[in-house]
Structures are given as structure tokens and as C-alpha cells.
Amino acid sequence: AQSVSQHNHHVILSEAASLELGCNYSYGGTVNLFWYVQYPGQHLQLLLKYFSGDPLVKGIKGFEAEFIKSKFSFNLRKPSVQWSDTAEYFCAVSLGTGGFKTIFGAGTRLFVKA
Amino acid sequence: DTGVSQDPRHKITKRGQNVTFRCDPISEHNRLYWYRQTLGQGPEFLTYFQNEAQLEKSRLLSDRFSAERPKGSFSTLEIQRTEQGDSAMYLCASSSPGRVGTEAFFGQGTRLTVV
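Sequence lines, in order, name chains A and B.
Residues 1 to 114 in our numbering are what the first sequence lists, from first letter to last.
Residues 1001 to 1115 in our numbering are what the second sequence lists, from first letter to last.
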């Protein structure tokens, strides 16, 4: 069965620190990759997505992610975090052909200290 | 508000009662999804509609769960004979027609507590 694994459940950083959240998936075929964010008290929102093309994807609020097909990875990065980045981050995968369901990782809670 | 709307936002029910949740997707979206999220976990896929057709159901969706989308617009998720293990956040999402993998837009969710 397809699955998504996020390496860190909780991350605490100080403002201006760099961020990298790991994500690996298990599926050998074509995939579409997403990072969603959930700010406290708000609904899930899309940060960025990868369908095809340049494996380095840039999203909103200075976030980027790199798709490395050989490693089945789609890690999220931000060079300098802000207090307002405190949120829960979910990596997600949908299969490139056939069904449309999206499979989510367990999430990483990021807390940024001011 | 043109986002995905879910009602109610919170529901507390006694074990054994039936509950029904409603989801209104973004108006031009033909795809609608239901997910369940428990504490410390990511959303788990439950079922998916394209227009009024229910195209996929997770094995998580036991026979106590039923979802409908009768006119291809809003959807309902009913849980019969609720159990304490049904306590969770139930999320609805919708996406537009188009290429496979178009991102889903989520509602605020319905938090169910079974006591």
C-alpha cells in the first residue's frame, strides 16, 4: 500500500534558523506531491505542489521543496523561518494515474521561538 | 465566502446515536473528498465523489458510514450507531476538473466527539 513518511513529528527552531522537513513516500509510479500547512485554528492550505518538470518547486511564503525521484523524497525547506511559520505541515501524495485520493503523512508540528 | 463549507463545526453525541455532516464544496468543483483526522495523525482518506458518483471508498469506511452526493453539489456523511472510536475531525475537500492530481481545497472540518 502507498504510504507517506514524515521524519520529524515536532521541530522547534528560533527565528531566522533554516528549516528542512523530510518526506518520503512509497510508490513506484508517477506521483503528484504536495505540502499542506495548517496554522493554529485554520484549515489545511496548500503550500506548494509538484506535478512534473523542474524538481525544485517554489511555493508561498518563501517555502520550496525538492523532488528527488531516486530517493522517493520531497523535502520542504525554508532558509529563514519566522514566528508566523508556527504550524503543522503535512506532506501528501496522489497517484499520477487512476484514482484521485491523496495520502497524507502524519504531519510535523513546527514551533518557531520569537 | 467561496471556500469549502462544513456544517456543523462541532458535534457531541452519545454512543449509539446517528450523526450526519454536510459539506458544500467550491461551486465549480466536481470532485469531493471526505477525510478523517485523529490527534497526531494526518488526514486519512475515506471516500471520493466525481459529480454524484462515488468512485472510491476506503476500507476505513465501515458499513456504519455512508456518504452521498445526490445532485453532484453538496455531500453528506452519515455515521450510524456511533462508537467512541469515531471521535475525530471529519474533513471535506473539493477539487476542480482537470489534470490528475489537482490540489484539494479543504473545509474547516467537523469535530465529532462521541461520549
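Built from N, CA and C at the ideal position, the CB exists for glycine as well.
Taking 8 Å as the cut-off, the beta carbon of L1091(B) is found no closer than this to the beta carbon of Q1054(B). Taken atom to atom, the span from the alpha-carbon of N1018(B) to that of I1079(B) is near 6 Å.
In this chain, the beta strand (DSSP E) harbouring K58(A) covers 56-58.
Comparing C-alpha distances from S1075(B) to each of D1024(B), R1059(B), G1003(B) shows the shortest one belongs to D1024(B). Residue burial annotation: K1071(B) is exposed, with fewer than 16 other C-beta atoms found within 10 angstroms of its C-beta.
Chain order gives no chain A residues near E1052(B), where near means a beta carbon separation below 7 Å; the closest approach is about 16 Å. Sequence-ordered contacts of the segment 35-61 of chain A with chain B read H43, L44, L46, K49, F51 [C-beta pairs closer than 7 Å]. Judged by beta-carbon spacing, G1085(B) lies beyond the 8 Å limit of A106(A), meaning their Cβ atoms are not closer than that value. Collapsing the DSSP output to three states places S1075(B) in a strand. Runs of the beta strand (DSSP E) spanning 3 or more residues and lying entirely within the segment 1024-1059 of chain B occur at 1031-1037, 1044-1050, 1053-1057, in chain order. Around the beta carbon of Y1048(B), 16 or more other beta carbons sit within 10 angstroms, so the residue counts as buried.
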